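Protein sequence lines, in the order shown, are assigned to chains A, B and C.
Each position in the first sequence, counted from 1, maps to that position plus 30 in our numbering.
Each position in the second sequence, counted from 1, maps to that position plus 30 in our numbering.
Each position in the third sequence, counted from 1, maps to that position plus 30 in our numbering.
Just below is one structure, and these are the notes that go with it.
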Amino acid sequence: MTQITVAELAKLVGGRVVGDASRSIVGLGDLRSAGPDRIGFVREARYQAVAKTTRAGAILTVTQLATSAAQVLVDDVDVAYAKVSAHFHPVPRATAHDVHATAVVHPEAQLEAPVAIGPRAVVGKARIGAGTVISPGVVVGDGCVIGRDCFLHPNVTLYTGVQLGNRVILHASAVLGSDGFGYAREGSQWIKVPQLGNTVLEDDVEVGALTAIDRGALGTTRIGARTKIDNQCHIAHNCTIGCDVAMAAGVQIAGSTTVGDRCVFAGKVGISGHLQVASDVRIGGGSMVFKDVPESGDYMGHPLLEKRRSLRLLRVLRGLVPSREDGE
Amino acid sequence: MTQITVAELAKLVGGRVVGDASRSIVGLGDLRSAGPDRIGFVREARYQAVAKTTRAGAILTVTQLATSAAQVLVDDVDVAYAKVSAHFHPVPRATAHDVHATAVVHPEAQLEAPVAIGPRAVVGKARIGAGTVISPGVVVGDGCVIGRDCFLHPNVTLYTGVQLGNRVILHASAVLGSDGFGYAREGSQWIKVPQLGNTVLEDDVEVGALTAIDRGALGTTRIGARTKIDNQCHIAHNCTIGCDVAMAAGVQIAGSTTVGDRCVFAGKVGISGHLQVASDVRIGGGSMVFKDVPESGDYMGHPLLEKRRSLRLLRVLRGLVPSREDGE
Amino acid sequence: MTQITVAELAKLVGGRVVGDASRSIVGLGDLRSAGPDRIGFVREARYQAVAKTTRAGAILTVTQLATSAAQVLVDDVDVAYAKVSAHFHPVPRATAHDVHATAVVHPEAQLEAPVAIGPRAVVGKARIGAGTVISPGVVVGDGCVIGRDCFLHPNVTLYTGVQLGNRVILHASAVLGSDGFGYAREGSQWIKVPQLGNTVLEDDVEVGALTAIDRGALGTTRIGARTKIDNQCHIAHNCTIGCDVAMAAGVQIAGSTTVGDRCVFAGKVGISGHLQVASDVRIGGGSMVFKDVPESGDYMGHPLLEKRRSLRLLRVLRGLVPSREDGE
């Protein structure tokens, strides 16, 4: 069990210690049950009582508490908690070079040791950086370039030529580089347009389970650095998604749309193709976006409106059908 | 072919026999074509004419018919049909212990014989109960506990520590125990919050193809006994879903929401996080739920309204744009 | 590199050559950078300037240009481009019979050589036509019948008895033949109705990544010839989808619904069960369909209205909440 002192934890989270900074901590704990080698946290005032009686060794907190535990005073408990938790529970990386006997790896694949390739994984003529973990059932196509310290969960599929930066996480059964939905219509028939582009995920992108990111028709479908995409999202061909974006489950974006940086899309948002969404745009759950969103801000609904207008519209709509005595 | 008498079938479905209860039946059939060793059913009056002329050996029916076939009188033909069909077509279970030579099973995995593990399955240090079938390409993480008589279809992924009760059915490429979408925001960046909880499915749960059920951030994401979830649904971290719930395809529920028992959600319903939905709540297709639903009943739409109000609203909205002579 | 003359390309696309028809072309290129062995295209007038100075050997164009390149005059550049691109980048097919040593193929499977079966694929007692490629991780159930020149991408699952025509393309982790969501309700409990039907895809169907097409409860779930389905769609049990239909990502159709020919559904459309949708119906993104659509035409919204009425409704709704000075 990795030990760390309260002083070191405070440094890790940019916090200030009140009390015994020399205590050594081995993990997180619940203040109600944790022992002296654990660190807990107080997020809200109503938990301050617990702090009085806790046996925990340390507490992450915004405001100083009456407690015998060492306190690490921070600006944001959530951020501090995330960092402390990540210290004790880091994303696993390959530390020893280990290709399972049942994995099928192309003889010309370039593995920068140490790489861990699990049972039944299939790796084509690809390049994989040091520290990366390829889980069971993953399929990596020819020409893929995977950075360092990436983690690919089971049954992920990478088509040919997908490029991943460093520390990219792909959850189970995510599909990257699949053909875009591209056809030309001749009379009543659809003629498939070969999808010849690629898919690029920059550093520190995380992609949820069962999410699909298509390859470009000719160019690139790109996901910017540190962007986080939840489960069952769809990013169509030739989209360009900015950096530090967050998309909740079920967001689906049609082809050739550009999304700026730091956007936040709630669940089930749909965005049409060939649109421009500015940076710092936040869109509420279930919204449908059919026009450019040129200005940052909060939006929701269908029609998509500024959030306050959209909430007013919902009130107006309710008012159109007042409930009656009949139980409605 | 398993044989069963009409009398035994009547007992199976809690029905009453009219006619020859001793006939032996080997399977279901269509009244128009079935022979004397088959049982058919009459669900609606307009099929009663067929009963007159059928050669089938028996008929499931609510009301007595003019027919030479033995009749099994039941309260609900659909329920009786389901039970008879399940008798002739049970969910397969492992009867002989059989681990395929190409499966990769952790030496410390505990398999309660008989267990069937298919080609290319990968089983970590997990426990699997008797009768359970693990199909090709399934990946079972370390620490998983799988009950008896479960059926995991191909390419399912179980992350570490997932717990399944007995008789759980998971369809192809379902993903259980994936990381929740949990981040703390520091400035413009998202700091990943390690997802340390687990996922629990109680007895007799069925999960559709390509459905994702995330693990808890700290606690548990729980699906209650006998709940049925269709394809491409998403249950986020720390949700608690009650018993006997049915969710159609595309339902997506955000984190920490609690759903009561016996709820029925139609396709594409979206529910925000940290909400409470009471028991016996039925929600129409495509509805978006942004507030608690404290009372049982029928709801639909966006804004979510009692079903009758929501239908009135749809009529009012149509009235706002009367169609014109121009062909609209 | 396959060589083809401009004359042959013109024949391929049904075009007329202006200039040197004898030039040999080896691939597509961008008019700004391509050399004399490449063919480019001019889709819009604003690109005609580029044609003047290009070094490309040939150009696909609707109207004759001032250029030294050979011109192939066509009615529709998009269709011509698709055909030329497909000539240089055809969907791969098996040319040599090759079953990878790590694939698991049922001894009674019938493979019509040449068939290519990739690493870790599992093929039951099925029939597979000549030219078909089975990628790594694909699972083909017993009783499946797969036509000629099909391409199954990685980790696809075919349940038992799925039938594919010729030239069918299935993208990664698509699931065909999964159980329909069929239960009978007895008191508060759901009794599973065994799903005994099958799934049939006719010739030239393409199915996107992570799409699910359930098997029929008793009969067949059928996808008509040349229909194209994007990622993450769901076709429930006993649906009948016509020919030459196109469905964008996230379309989900409930059970027993019939869709005519040449329909076009944009992303996230939801359609209830037991409905009839006529041929040549086009439905806008995010629409919810709760009633039959008996007449061809353009529709959108919820309530679903003729497109022009639906657009008027969106304007009316915006008008209900005029923006204020407060920044909304």
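For every residue, glycine included, the Cβ atom is placed at its ideal position computed from N, Cα and C.
Here the structure is a predicted model, which means the values were calculated and not measured.
8 Å or more divides the Cβ of residue 205 of chain B from the Cβ of residue 213 of chain B. With respect to chain B, the C-beta atom of residue 166 of chain A has a partner C-beta closer than 8 Å.
Annotation for residue 207 of chain B: the continuous beta strand (DSSP E) segment containing it runs 205-208.
Within chain A, not a single residue places a beta-carbon under 9 Å from that of residue 155 of chain C; the smallest gap is close to 22 Å. Per the C-alpha coordinates, the member of A:208, A:258 and A:195 positioned closest to residue 209 of chain B is A:258. When C-alpha distances from residue 342 of chain C are compared across B:341, B:348, B:339 and B:340, the shortest belongs to B:348. Cβ contact annotation for residue 35 of chain C (same chain, cutoff 8 Å, sequence separation greater than five): 51, 52, 53, 54 and 55, in chain order.
Contact check for residue 124 of chain A and residue 139 of chain A: beta-carbon distance about 15 Å, past the 8 Å limit, so the pair fails to qualify. Setting aside the 5 residues that flank it on each side, residue 133 of chain B is surrounded in the same chain by 147 and 151, each with a C-beta closer than 6 Å to its C-beta; the list follows chain order. Between the beta-carbon of residue 253 of chain C and that of residue 235 of chain C there is about 5 Å, and that keeps the pair under the 8 Å contact cut.
One thing to note: residue 88 of chain B has its Cβ within 8 Å of the Cβ of residue 69 of chain B.
Nearest C-alpha to residue 279 of chain C among C:233, C:265 and C:332: C:265.
Cβ contact annotation for residue 192 of chain B (same chain, cutoff 6 Å, sequence separation greater than five): 174, 206, 207 and 229, in chain order. Assignment of residue 222 of chain A by DSSP, reduced to helix, strand and coil, places it in the strand class.
Within the segment 55-135 of chain C, complete alpha helix (DSSP H) segments of at least 4 residues are found at 78-83 and 107-118, given in chain order. The beta carbons of residue 114 of chain C and residue 39 of chain C sit about 6 Å from each other, so the pair counts as a contact at 8 Å. The beta carbon of residue 118 of chain C sits no closer than 8 Å to any beta carbon of chain B. The alpha-carbon of residue 211 of chain B is positioned some 18 Å away from that of residue 107 of chain A. Within the DSSP secondary-structure output, residue 145 of chain A pairs in no beta bridge.
Along the segment 280-307 of chain B, the positions whose C-beta sits under 7 Å from a C-beta of chain A are 282, 284, 300 and 302, read in chain order. A buried status is given to residue 100 of chain A, since no fewer than 16 other beta-carbon atoms sit within 10 Å of its beta-carbon. Residue 245 of chain B sits in coil when the DSSP states are folded into three classes, being neither helix nor strand.
Cβ proximity to chain A below 8 Å picks out 189, 203, 205, 208 and 209 from the segment 189-210 of chain B. DSSP places residue 312 of chain A inside the beta strand (DSSP E), whose first and last residues are 311-313.
Counted as a single uninterrupted DSSP element, the stretch harbouring residue 38 of chain C is not any beta strand (DSSP E) but the alpha helix (DSSP H) occupying residues 36-43. Looking at the DSSP output, residue 229 of chain A bridges to A:251. For residue 351 of chain B, the secondary structure class from DSSP, reduced to helix, strand or coil, is coil. According to the DSSP assignment, residue 47 of chain C belongs to the beta strand (DSSP E) that extends over 46-48.
With a minimum length of 3 residues, the unbroken runs of beta strand (DSSP E) contained wholly in the segment 260-338 of chain A fall at 311-313 and 327-330. Burial check for residue 336 of chain C: the Cβ neighbour count within 10 Å reaches 16 or more, so the residue is buried.
Using a Cβ distance threshold of 8 Å, residue 180 of chain B and residue 197 of chain B count as a contacting pair.
Around the beta-carbon of residue 225 of chain C, 16 or more other beta-carbon atoms lie within 10 Å, marking it buried. By the 16-neighbour rule on beta-carbons within 10 angstroms, residue 321 of chain A is exposed. In this structure, the beta-carbon distance from residue 319 of chain C to residue 308 of chain C does not fall below 8 Å. Your pair residue 86 of chain A and residue 59 of chain A checks out as a contact, with CB atoms roughly 6 Å apart and the cut at 8 Å.
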